[in-house]
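First to last, the sequence lines map onto chains A and B.
Using this note's numbering, you'd call the opening residue of the first sequence number 811 and step up by one each time.
Using this note's numbering, you'd call the opening residue of the second sequence number 5 and step up by one each time.
Reviewing the structure listed below.
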Amino acid sequence: MNPEMAIYAGQSLAIPLTLVLAGLTALFIPIITRRDDSTPGLVILTSSLILLTFFPSSGTAFISMFSGALTLSPFTNYLWPFFLAALAFTALISLHARDGKPGSGEYYFLLSMAALGLIFMVSAGELLTIFIAVELLSVCLYALAAINRSPTGAEAGYKYFLLGSFGTGMLVMGFALVYGTTGTLNLDAIKLALAPGLPFHPLTSAGFIFLIAGFSFKVALVPFHMWVPDVYEGSPTPVSAFMGAAVKAGGIVVLYRLFAITAGAPQFREIFWALAVITMVLGNLMALPQHNLKRLLAYSSVSHAGYIVTGFFGGSEGLKAALFYLVVYAAATIGAFAVVAALEKDERGVMVKDLAGLSGRHPYLAAAMTLFILSLAGIPPLAGFFGKFYVFTAALRGGCTWLVVIALLMSAVSAYYYLRVLVAMYMEHEPAALEAAPSRAMGLALSLLALIVTALGIFSGPLLRLAQSAAIF
Amino acid sequence: MNFIDANLLTVIIMLPLAGALALLLVPKGKTALIKNMAFGLSAAVFIISLRLYFGFDETNAAMQFTVDKPWLPDWGINYRLGVDGISLLMLMLTTFLTPLAILASFDYIQEHQKAFYAGLLALQTGMLGVFAALDVFLFYVFWEAMLIPMYFLIGVWGGPKRIYAALKFFIYTMLGSVLMLAAIIFICLAHKEQFGTYSFSLFDFYRTAFDLKTQLWLFAAFALAFAIKVPLVPFHTWLPDAHVEAPTAGSVLLAGVLLKMGVYGYLRFAVPMFPAAAQSFAPWLAGLGVIGVIYGSLVAWSQPDMKKMVAYSSVAHMGVIVLGISAFEPAAVSGAVLQMVNHGLSTGALFLLVGVLYERRHTRMIEDYGGLAKAMPGFSAIFMIVMLSSVGLPGLNGFVGEFLILFGSFRTYPWLAAAAVLGVILSAVYMLGMYQRVVFGPVRHEENRHLPDLSVREWGYLLPLLAFIIFIGVYPAPFLRKTDAAVKAYVSAAARQQDSAAEGQGSAADSSLTNKNVNPPHSYKAGRRAAKERR
Chain A
811 MNPEMAIYAG QSLAIPLTLV LAGLTALFIP IITRRDDSTP GLVILTSSLI
861 LLTFFPSSGT AFISMFSGAL TLSPFTNYLW PFFLAALAFT ALISLHARDG
911 KPGSGEYYFL LSMAALGLIF MVSAGELLTI FIAVELLSVC LYALAAINRS
961 PTGAEAGYKY FLLGSFGTGM LVMGFALVYG TTGTLNLDAI KLALAPGLPF
1011 HPLTSAGFIF LIAGFSFKVA LVPFHMWVPD VYEGSPTPVS AFMGAAVKAG
1061 GIVVLYRLFA ITAGAPQFRE IFWALAVITM VLGNLMALPQ HNLKRLLAYS
1111 SVSHAGYIVT GFFGGSEGLK AALFYLVVYA AATIGAFAVV AALEKDERGV
1161 MVKDLAGLSG RHPYLAAAMT LFILSLAGIP PLAGFFGKFY VFTAALRGGC
1211 TWLVVIALLM SAVSAYYYLR VLVAMYMEHE PAALEAAPSR AMGLALSLLA
1261 LIVTALGIFS GPLLRLAQSA AIF
Chain B
5 MNFIDANLLT VIIMLPLAGA LALLLVPKGK TALIKNMAFG LSAAVFIISL
55 RLYFGFDETN AAMQFTVDKP WLPDWGINYR LGVDGISLLM LMLTTFLTPL
105 AILASFDYIQ EHQKAFYAGL LALQTGMLGV FAALDVFLFY VFWEAMLIPM
155 YFLIGVWGGP KRIYAALKFF IYTMLGSVLM LAAIIFICLA HKEQFGTYSF
205 SLFDFYRTAF DLKTQLWLFA AFALAFAIKV PLVPFHTWLP DAHVEAPTAG
255 SVLLAGVLLK MGVYGYLRFA VPMFPAAAQS FAPWLAGLGV IGVIYGSLVA
305 WSQPDMKKMV AYSSVAHMGV IVLGISAFEP AAVSGAVLQM VNHGLSTGAL
355 FLLVGVLYER RHTRMIEDYG GLAKAMPGFS AIFMIVMLSS VGLPGLNGFV
405 GEFLILFGSF RTYPWLAAAA VLGVILSAVY MLGMYQRVVF GPVRHEENRH
455 LPDLSVREWG YLLPLLAFII FIGVYPAPFL RKTDAAVKAY VSAAARQQDS
505 AAEGQGSAAD SSLTNKNVNP PHSYKAGRRA AKERR
């Protein structure tokens, strides 16, 4: 490794270390000052912003560290800032949503550790690193889901923990089988061991099926999505936003790596094809009858995972499109959950009908929600449309005409439930129960996200080029 | 081309949107300022667009006032605009109707006025963009984006069933257009395969060759999206709901402009891109059009609600127009293009007149009127002329268009044309019947005895329409001349047969369609060779 690279590696490693330090600071501040206020949130927010500002970029360098356990690549160059930004936005929303709630130290500590898990997960070079990262992430999320100590929160945490452990069990099984048959944990070595053209060892196939199932749990592809609506509904809303945006992105990325490793084998293509189709179809259909806004967004996030998986079939072009999609989808999802957070008052949550007349009382909040919803629905000229366009174009190039036709039809179906939100906000005039008082932090987060969702639509070129430089594997 | 002309289209398209954003900054309470600003802006757009009309060279079949700037260069997506005779008339129709629709809303809209006028202006940008886009991706963006303001116009300011109508309008259109998007992407990828570069340019799409089976699929995807918009008969059910619930301005623009987009889509995209498939689909399209004429007329006949009657009469009129464009005869196509303008004028005027009555009595039922001639003579006179124009009385605009269509399509589809004549006769039956029951006879309801006649503002937005209804009826030649070259290009593009479609279209009839400034044409074989070398 030449000196320049060494410096770069050191700088890069400083990021997770800083995150650990910031998390610990956030954890201990309330203990030392004996005051439960928003200071820990500000610590996490500032440190993630500082990390984003001084993010070291290495261009196209590939660096393998710790005998291959961790790799730095253009890929991580793209995803690390993404996770940091997601963390920053979640913290910003949490400043509003967790105002006056106890346990802010733990909350922000767990949040930053979850982000750390994601950062390790996408830069893992070995199955073992992936496993550790997944566990770090999941354990933090289990606790975060239940941190409100309410009945729904406890249900969410418990359900997530049980089903998540089931998923983790599958992962371990998969790791064991793959390791047992290929004799290595290193991802590149596994790919080499599975020489293209030769049939897989049956146990290797079984191992990969377990791995795919395990990560489908994390990403919430149908039929592994059962936990999603309850967990998203019961968790604190900023946490739901983080799960929907960042955690999903991390899982998708690992799924893509599995897809890339097994790409030679048609049976795995078929598995992914089937997963994408049923996820899109059922995710959208199940979103149709939802009344709770968080559950609706949860099912919408399920279906979006299906759209992204569609992009896998487009090769590196597809990865580029998927990386682009992850960002625009995350911005809209965090935004939509942020609006929920701005509105919710009690455990009951926010129903779609509670939004009635929102446009009259809070025109800016309603306008921001409109942008997020229309972007999720994929209406031009908002960013979501361009995300879908790139992903579907890539998939079509990969020869998956029917997959794309299904995806497009399902996105037309999705317009129905997305529009219901707009109907409530703009077209129903009953006096509504909810009054919002968005704080400054919330206002800042919403306007930034609305700006992103709009600007990345009309000017999608720069981000797409970033995604292109990252989509080298 | 000088600086003004080079940016003329951009200014015309983007000015309403900029105005909409500016409107949002005006304080809520200043409704007079908001109204005047909205009207002034749209009037200014119309005046600027006159430069387009008079600067247009009708002897030249190529696209004019072209703009070509890279937007998403990775995919060959450019900001490409331009007009030929057909889009010129559609653009003028849009810029002409929008200020009138705004003027007609001054009293009708009392709630959220700022958002209403901003929505109308944003809608205008979408409509103008659809007619001027020469990049298929850009076209799709305008086509879809336009749904949002229209959705809100119906859903927020509409009648009692507005939410249902707005949702239905949105979902119907979106279901149709997602398949079109799939087809668009497919063609772009095929173009890359054949020529080696990504491009969404309309002319590159014309050049891309497909075998007949693929053409049929692709044509079907486009045709469905456009058939829903027109609407052709089995896909028309969103239209009566949307029309009846929409506020007057929404109905005017919906009938006047939005429906034309469907026909325009056939003229500009579906047919020239897939001529062979279009030839095999054309009898079906014409047949559906004629079914629409008869069905629409019969249903309109039985409507007790004036607005619904006008809505169904739109179905019938659009059916005639589709018959015209599927005949591939110059006379029929010219007639269809002119009839698109005519329908925009006369149906727009009918909706405005129904709106005038509704503002006075808050009912649209024919039963609730009668004997209006005494109380509202001015209204009754205008109503008669507009109604007769819609019926197709010689001397008024409707006759010219319908005559040309029927005359032209008789050679291709004698039976269908004959059946369409029946529909035209039916339209006289229900329109005259409605007029008689509303305007003549005894005054059945006391409230109607002292209804005020048209106000100055109402005269203001009806007279311009009336002027054009009579002018086109007497002297349609200038408008027909504008479209001549474009219509010929369309007919010759549609005549390209299957073999030319399969072997290559680069040098074929579309040389007249191709704008040499925008896209240097290169032969299909050269492109193929280049693609091979790259492999």
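The beta-carbon is built from N, C-alpha and C at its ideal position, and this holds for glycine as well.
Model, not experiment: these values are computed from the prediction.
Shorter than 8 Å from the beta carbon of residue i to some beta carbon of chain B?
i: serine 1221 of chain A; result: yes
i: threonine 1203 of chain A; result: yes
i: tyrosine 1228 of chain A; result: no
i: alanine 1178 of chain A; result: no
i: arginine 1207 of chain A; result: yes
i: leucine 1184 of chain A; result: yes
i: proline 1099 of chain A; result: no
i: alanine 966 of chain A; result: no
i: serine 1045 of chain A; result: no
i: isoleucine 1118 of chain A; result: no
i: isoleucine 1189 of chain A; result: yes
Quick one: residues in its chain with C-beta nearer than 6 Å to the C-beta of residue i, no 5 flanking neighbours on either side, listed in chain order?
i: glutamate 507 of chain B; result: Here glutamate 507 of chain B scores only 46 on pLDDT, less than 50, and its place in the model should not be relied on; the value that follows carries that caveat. The answer is none, since no qualifying residue turns up.
i: tyrosine 1200 of chain A; result: Ala1131, Phe1134
i: glycine 180 of chain B; result: Leu228, Ala229, Ile232
i: leucine 430 of chain B; result: Ser301
i: serine 515 of chain B; result: Note that serine 515 of chain B has pLDDT 40, beneath the 50 cutoff, so the model's placement of it is unreliable and the number below is only indicative. Closer than 6 Å at the Cβ level, and outside the excluded window around serine 515 of chain B, lies no residue.
i: arginine 1275 of chain A; result: none
Checking contacts by CB at 8 Å: is residue i closer than that to chain A?
i: alanine 186 of chain B; result: yes
i: valine 30 of chain B; result: no
i: alanine 24 of chain B; result: no
i: arginine 166 of chain B; result: yes
i: glutamate 249 of chain B; result: no
i: leucine 349 of chain B; result: no
i: aspartate 78 of chain B; result: yes
i: phenylalanine 156 of chain B; result: yes
i: isoleucine 232 of chain B; result: no
i: alanine 137 of chain B; result: no
Might you give, ordered along the chain, the residues of its own chain that have their beta carbon closer than 7 Å to the beta carbon of residue i, omitting 5 neighbours on each side?
i: glutamate 249 of chain B; result: Ile158, Gly162, Gly163, Lys165, Arg166, Ala169
i: alanine 1255 of chain A; result: Phe899, Leu902, Ile903, Ala1148
i: alanine 187 of chain B; result: Leu222, Ala225, Phe226
i: cysteine 950 of chain A; result: Leu920, Met923, Ala924, Gly927
i: valine 1150 of chain A; result: Thr1047, Leu1103, Lys1104, Val1160
i: glycine 123 of chain B; result: Pro153, Phe156, Leu157
i: glycine 1208 of chain A; result: Phe1123, Gly1124, Gly1125, Gly1128
i: tyrosine 465 of chain B; result: Leu104, Leu107, Ala108, Leu356
Please report the residue range of the beta strand (DSSP E) in which residue i lies.
i: threonine 1014 of chain A; result: Premise fails: threonine 1014 of chain A lies in the alpha helix (DSSP H), 1012–1029, not in any beta strand (DSSP E).
i: aspartate 1 of chain B; result: No answer is possible for residue 1 of chain B: the residues shown for chain B start at 5 and end at 539.
i: glycine 86 of chain B; result: 81–87
i: isoleucine 873 of chain A; result: 873–875
i: threonine 870 of chain A; result: Run containing threonine 870 of chain A: none; DSSP gives neither H nor E here.
Less than 7 Å between the CB of residue i and some heavy atom of the ligand ADP, yes or no?
i: glycine 851 of chain A; result: The ligand ADP is not part of the structure shown, which contains no ligands of any sort.
Assuming residue i is part of the alpha helix (DSSP H), what are its boundary residues?
i: leucine 455 of chain B; result: Element bounds for leucine 455 of chain B: n/a, residue is neither H nor E.
i: threonine 881 of chain A; result: Taken as a continuous stretch (DSSP letters only), threonine 881 of chain A belongs to no alpha helix (DSSP H), being part of the beta strand (DSSP E) at 880–882.
Between which residues of its own chain and residue i is the CB-CB distance below 8 Å, once the five residues before and five after are set aside?
i: valine 1263 of chain A; result: Val1138, Ala1141, Ala1142, Gly1145, Leu1181, Phe1182, Ser1185, Leu1192, Ala1193, Gly1194
i: alanine 259 of chain B; result: His247, Val314, Ala315, Ser318, His347, Gly348, Thr351, Gly352, Phe355
i: phenylalanine 1034 of chain A; result: Gly977, Ala1023, Ser1026, Phe1027
i: glutamate 333 of chain B; result: Gly412, Ser413, Arg415, Thr416, Val495
Taking residue i and residue j to be in contact with their CB atoms under 8 Å, please state how far apart those CB atoms are, rounded to whole angstroms.
i: leucine 1165 of chain A; j: alanine 1234 of chain A; result: 4 Å
i: aspartate 328 of chain B; j: alanine 320 of chain B; result: A small fix is needed here, since residue 328 of chain B is glycine in this sequence, not aspartate. Not really, about 13 Å apart at Cβ, beyond 8 Å.
**Message:** I'd like to know if the stretch 77–88 of chain B and the stretch 36–43 of chain B are in contact, where contact means that at least 3 CB-CB pairs between them fall below 8 Å.
**Reply:** Taking a cut-off of 8 Å for Cβ pairs, the stretch 77–88 of chain B and the stretch 36–43 of chain B do not touch, as fewer than three such pairs fall below it.
**contact_flag[the stretch 383–399 of chain B, the stretch 264–271 of chain B] where n(CB pairs < 8 Å) is 3 or more** = No, the stretch 383–399 of chain B does not touch the stretch 264–271 of chain B.
**Item:** contact_flag[the stretch 355–369 of chain B, the stretch 289–307 of chain B] where n(CB pairs < 8 Å) is 3 or more
**Value:** The stretch 355–369 of chain B is not in contact with the stretch 289–307 of chain B.
**Message:** Measuring CB atoms only, is the stretch 1058–1065 of chain A touching the stretch 1087–1103 of chain A, in the sense that at least three cross pairs come out at less than 8 Å?
**Reply:** For the pair of segments examined, the stretch 1058–1065 of chain A was found not to touch the stretch 1087–1103 of chain A: the number of CB pairs separated by less than 8 Å stays below three.
**Message:** I want to know whether the stretch 189–203 of chain B touches the stretch 1224–1233 of chain A - three or more CB-CB distances under 8 Å.
**Reply:** Short answer: they don't touch.
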